[in-house]
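Residue numbers 322 to 436, in the working numbering, belong to the letters of the sequence shown in order.
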Amino acid sequence: MEGFDFEKLNKRNSRKAAEVLRSFIEIEVNEYSKSDIIQFLKHSSVGEELELTDHFIIRKNEDEVLVFNETTEMFVINPEDYRVYVEVSSLIYLINKPWRLNKWTLRISRCYLIE
Numbered sequence: 322m323e324g325f326d327f328e329k330l331n332k333r334n335s336r337k338a339a340e341v342l343r344s345f346i347e348i349e350v351n352e353y354s355k356s357d358i359i360q361f362l363k364h365s366s367v368g369e370e371l372e373l374t375d376h377f378i379i380r381k382n383e384d385e386v387l388v389f390n391e392t393t394e395m396f397v398i399n400p401e402d403y404r405v406y407v408e409v410s411s412l413i414y415l416i417n418k419p420w421r422l423n424k425w426t427l428r429i430s431r432c433y434l435i436e
């Protein structure tokens with residue numbers, strides 16, 4: 322896939338999940354852990370998980386991962402609303418964007434404001 326499918330993201334996840342994806346990009350995807358995250362996304366098996374600073378990634382199937390923030394889940398009423406299911410290829414594309422913290426972060430948040 323060449324791009325990020327916002328429509329699919331909207332259909333698969335709750336509106337609150339956008340904030341988790343945004344915080345994942347802002348906190349975890351830095352130069353230090355970027356290569357580790359991509360390696361995990363490309364080579365992990367179903368059920369494997371990667372623990373990062375504030376987030377976890379769990380491989381759900383060959384094409385999809387679950388991203389969540391453990392701290393957020395401890396303090397919210399419906400933690401499943403804050404879990405992000407995203408295609409591996411889409412997440413790799415998003416991670417590799419050098420301007421991801423500006424334009425993509427805003428786009429991720431805005432795509433959930435329109436119903």
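Glycine is no exception: its CB is placed at the ideal position from the N, C-alpha and C atoms.
Computed from a predicted model, the values in this text were never measured in an experiment.
Quick check: the Cα distance between residue i and residue j, rounded to an integer number of angstroms?
i	j	result
Leu342	Glu408	12 Å
Leu373	Ile359	13 Å
Glu383	Val367	7 Å
Leu330	Ala338	9 Å
His364	Arg333	23 Å
Thr392	Glu369	20 Å
Ser356	Arg336	28 Å
Lys418	Asn351	11 Å
When the Cα of residue i is compared with those of the options, which residue comes out closest?
i	options	result
Leu412	Val386, Glu394 and Arg336	Val386
Leu371	Thr392, Asp384, Glu349 and Arg333	Glu349
Ser410	Lys332, Glu394 and Phe361	Phe361
Ser354	Glu401, Ile378 and Thr393	Ile378
Glu394	Ser365, Lys363 and Glu340	Glu340
Check whether the Cβ atoms of residue i and residue j sit closer than 8 Å, and answer yes or no.
i	j	result
Tyr406	Lys381	yes
Phe345	Val388	yes
Asn390	His376	yes
Since residue i and residue j are thought to touch, with beta carbons under 8 Å apart, how far apart are those beta carbons, to the nearest angstrom?
i	j	result
Ser327	Leu415	As written in the sequence, residue 327 is Phe, which differs from the Ser given in the question. In fact, because the Cβ distance is near 10 Å, the residues do not count as touching under 8 Å.
Does any residue of chain B bring its CB to less than 8 Å from the CB of residue i?
i	result
Met395	Looking for chain B here will not work: only one protein chain is present.
Let's see if you can read the secondary structure: which residues bound the beta strand (DSSP E) around residue i?
i	result
Val405	Val405 to Glu408
Asn390	Glu385 to Asn390
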